Ligand code: C2E
Ligand code: MG
Ligand code: MG
Ligand code: MG
């Protein structure tokens with residue numbers, strides 16, 4: 007009896023310790039089982055057309071509840087996975103789960119939003135990536151246009167030999183390609199011209215302090231105008247206030263994503279969402295208070 011109590015006490019204490027002290031190694035060890043044990047799931051964050059208010063896209067965001075570590079944020083475990091080949095396994099799971107979900111929504115008769123999937127540099131550089139993507143699309147009967155890949159500047163900066171050709175093929179097949187966290191990496195401008203991309207996502211750090219006549223306002227205006235002149239669409243991420251939304255709409259930003267419009271949510275909740283924002287939610291003038 008004492009043994010049983012001691013044991014459960016130890017487990018409880020251990021779980022509390024882990025939250026503070028979990029190192030990368032612990033995360034890596036736990037993550038190794040996560041895929042097989044079904045501990046991963048995807049949430050979806052709505053992305054709205056800034057002009058019409060329609061729910062046109064959604065970003066798939068990975069969530070992990072580990073029995074040992076509790077909820078671990080992707081900002082914490084993705085970099086750990088990227089240190090090893092674990093990212094290949096995790097990334098493949100994300101790819102299939104997102105594709106499966108969109109196929110299911112369509113089978114349910116929903117004209118589901120285009121789902122954008124985050125792809126790590128190492129995953130994209132793997133020689134099997136393109137074939138895997140097409141296999142999964144075929145397996146679930148989904149056209150390439152139903153999804154989009156979110157690539158980072160780090161990925162585009164890699165010396166992956168066939169990178170331009172690969173992007174060209176994916177683009178040609180109809181897979182949307184967007185550049186995530188735009189403005190946070192290196193020499194972003196040259197990438198915009200060099201590669202076949204569809205969309206640029208303005209990083210949250212530029213949207214965060216967006217006020218009229220601020221430096222970020224000028225930057226955001228310049229990014230949108232440059233992207234448009236290269237025939238790229240623009241998503242603003244991290245839209246949290248009505249003022250930010252109003253400025254982005256006024257500057258001609260194409261899509262809005264952020265807590266103001268909706269947090270990442272389970273698939274069923276996204277499906278239950280209205281197909282468009284209400285007029286009040288679209289109002290260009292920010293509320294007085
Ligand atoms: P990201 O791709 O730039 O995703 C956007 C992040 O910003 C998400 O964080 C989202 O929840 C958060 N966000 C959205 N709107 C707002 C807002 O209005 N305010 C604030 N403060 N945050 C907002 P999350 O889900 O924690 O993901 C963090 C990062 O982890 C992602 O950044 C992405 O780089 C990575 N990640 C997530 N899922 C995956 C995945 O399946 N594969 C890969 N390779 N990376 C992933
Ligand atoms: Mg992203
Ligand atoms: Mg992003
Ligand atoms: Mg980001």
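In the numbering used here, the protein residues as written are 7 to 295. The beta-carbon is built from N, C-alpha and C at its ideal position, and this holds for glycine as well. Computed from a prediction, not measured in an experiment: that's the story for all the values here.
_What does the alpha-carbon distance come out to for the pair residue 139 and residue 219?_
For this step, residue 139 is matched to residue 133 along the chain shown. For this step, residue 219 is matched to residue 213 along the chain shown. Between the alpha carbons of residue 139 and residue 219 lies a gap of roughly 44 Å.
*Return the chain-ordered ranges of every alpha helix (DSSP H) run that is complete within the segment 108 to 176 and spans a minimum of 4 residues.*
Note on the segment 108 to 176: whole alpha helix (DSSP H) runs with a minimum of 4 residues are 127 to 131, 135 to 145 and 159 to 163, in chain order.
*Cβ atoms of residue 263 and residue 245: under 8 Å apart, would you say?*
In the chain shown, residue 245 corresponds to position 239, counting from 1. In the chain shown, residue 263 corresponds to position 257, counting from 1. Cβ atoms of residue 245 and residue 263: closer than 8 Å.
*Does the segment 267 to 287 come close enough to the segment 217 to 232 that 3 or more CB-CB pairs lie under 8 Å?*
Cβ pair count under 8 Å is below three, so no.
*Tell whether a beta-carbon distance below 8 Å holds between residue 182 and residue 205.*
Here residue 182 corresponds to residue number 176 of the chain shown, with the count starting at 1. Here residue 205 corresponds to residue number 199 of the chain shown, with the count starting at 1. For residue 182 and residue 205, yes; Cβs fall inside 8 Å.
*Taking residue 124 as the reference, give the member of 283, 66 and 230 with the closest Cα.*
Stepping through the chain shown from its first residue, residue 124 is reached at position 118. Of the candidates 283, 66 and 230, the one whose C-alpha sits nearest the C-alpha of residue 124 is 66.
*Identify, in the order they occur along the chain, each residue of the same chain with its Cβ nearer than 8 Å to the Cβ of residue 180, setting aside the five sequence neighbours on each side.*
In the chain shown, counting from the first residue as 1, residue 180 sits at position 174. 149, 150 and 151.
*With distances taken Cα to Cα, identify the nearest neighbour of residue 89 among 127, 76, 62 and 61.*
Position 83 of the chain shown, counted from the first residue, corresponds to residue 89. Relative to the Cα of residue 89, the nearest Cα in the group 127, 76, 62 and 61 belongs to 127.
_Using a Cβ-based criterion (distance less than 7 Å to any ligand heavy atom), does residue 243 qualify as near ligand 3?_
As a first step, residue 243 must be located in the chain shown, where it is residue number 237. It does: the Cβ of residue 243 is within 7 Å (strictly closer) of some heavy atom of ligand 3.
_Simplified DSSP assignment, three categories, for residue 226_ = Here residue 226 corresponds to residue number 220 of the chain shown, with the count starting at 1. Residue state, collapsed to three classes: helix.
*Quick one: give me the first and last residue of the beta strand (DSSP E) that residue 48 is part of.*
To locate residue 48, count along the chain shown from 1; it is residue 42. Its beta strand (DSSP E) spans residues 46 to 55.
_Per-residue burial, residue 37 [other beta carbons within 10 Å of its own, 16 or more giving buried]_ = Translated into positions along the chain shown, residue 37 becomes position 31. Around the beta carbon of residue 37, 16 or more other beta carbons sit within 10 angstroms, so the residue counts as buried.
*Can you list, in chain order, every residue whose CB sits closer than 6 Å to a heavy atom of ligand 2?*
The answer, residue by residue, is 65, 124, 156 and 186.
*Backbone CA spacing between residue 228 and residue 145 [nearest angstrom]*: Position 222 of the chain shown, counting from 1, holds the residue named residue 228. Position 139 of the chain shown, counting from 1, holds the residue named residue 145. Approximately 42 Å between the Cα atoms of the pair.
_Any heavy atom of ligand 3 closer than 7 Å to the beta-carbon of residue 63?_
Taking the first residue of the chain shown as 1, we reach residue 63 at position 57. Distances between the C-beta of residue 63 and the heavy atoms of ligand 3 are all 7 Å or more.
*Output the distance between the C-alpha atoms of residue 231 and residue 237, rounded to the nearest integer angstrom.*
In the chain shown, the residue the question calls residue 231 occupies position 225. In the chain shown, the residue the question calls residue 237 occupies position 231. In a straight line, the C-alpha of residue 231 is about 10 Å away from that of residue 237.
*For residue 201, three-class secondary structure by DSSP*: The sequence position of residue 201 within the chain shown is 195, counting from 1. If DSSP states are grouped into helix, strand and coil, residue 201 belongs with coil.
_DSSP-derived helix/strand/coil call for residue 269_ = The sequence position of residue 269 within the chain shown is 263, counting from 1. Reduced to three states, the DSSP call for residue 269 is coil.
_Residues of its chain near residue 9, where Cβ-Cβ distance is below 7 Å and the 5 sequence neighbours each way are ignored_ = Within the chain shown, residue 9 is the residue found at index 3, counting from 1. Because the pLDDT at residue 9 is just 40, under 50, the model does not fix this residue reliably, and the value given afterwards should be weighed accordingly. Closer than 7 Å at Cβ, skipping near neighbours: no residue.
*Report whether the distance from the Cβ of residue 246 to the nearest heavy atom of ligand 1 is below 7 Å.*
Along the chain shown, read from residue 1 onward, the residue named residue 246 stands at position 240. Yes - ligand 1 has a heavy atom lying nearer than 7 Å to the Cβ of residue 246.
_Where the beta strand (DSSP E) containing residue 81 begins and where it ends_ = Within the chain shown, residue 81 is the residue found at index 75, counting from 1. Careful: residue 81 lies outside any beta strand (DSSP E), inside the alpha helix (DSSP H) at 80 to 89.
*asked:* I need the boundaries of the alpha helix (DSSP H) containing residue 283, first residue and last residue.
replied: As a working note, residue 283 is residue 277 in the chain shown. Where residue 283 is concerned, there is no enclosing alpha helix (DSSP H), given that its DSSP letter is neither H nor E.
*Between the C-alpha atoms of residue 162 and residue 272, what's the straight-line distance to the nearest angstrom?*
The residue you call residue 162 lines up with position 156 of the chain shown. The residue you call residue 272 lines up with position 266 of the chain shown. Roughly 30 Å between the two C-alpha positions.
*Measure the beta-carbon distance from residue 216 to residue 54 and round it to whole angstroms, keeping in mind my assumption that it falls under 8 Å.*
Position 210 of the chain shown holds residue 216. Position 48 of the chain shown holds residue 54. Approximately 17 Å separates the beta-carbon atoms of residue 216 and residue 54; this is outside 8 Å, ruling out the contact.
*So, are the CB atoms of residue 159 and residue 192 less than 8 Å apart?*
Translated into the one-based positions of the chain shown, residue 159 becomes position 153. Translated into the one-based positions of the chain shown, residue 192 becomes position 186. Against a cut-off of 8 Å, the Cβ pair of residue 192 and residue 159 comes out as a contact.
*Per DSSP, what kind of secondary structure is residue 279 in: helix, strand or coil?*
As a working note, residue 279 is residue 273 in the chain shown. In the three-state reduction of the DSSP assignment, residue 279 falls in the coil class.
*Taking one C-beta from the segment 36 to 50 and one from the segment 99 to 108 each time, how about it: are there three or more such pairs within less than 8 Å?*
Three or more pairs of CB atoms, one per stretch, sit closer than 8 Å, so the segment 36 to 50 contacts the segment 99 to 108.
*Alpha carbon to alpha carbon, how far is residue 141 from residue 26? Give it in angstroms, no decimals.*
Here residue 26 refers to the residue found at position 20 when the chain shown is read from its first residue. Here residue 141 refers to the residue found at position 135 when the chain shown is read from its first residue. Residue confidence is low: residue 26 scores 43 on pLDDT, short of 50, so the model does not pin down where it sits. Its coordinate-derived value is still stated next. Distance between the alpha carbons of residue 26 and residue 141: 41 Å.
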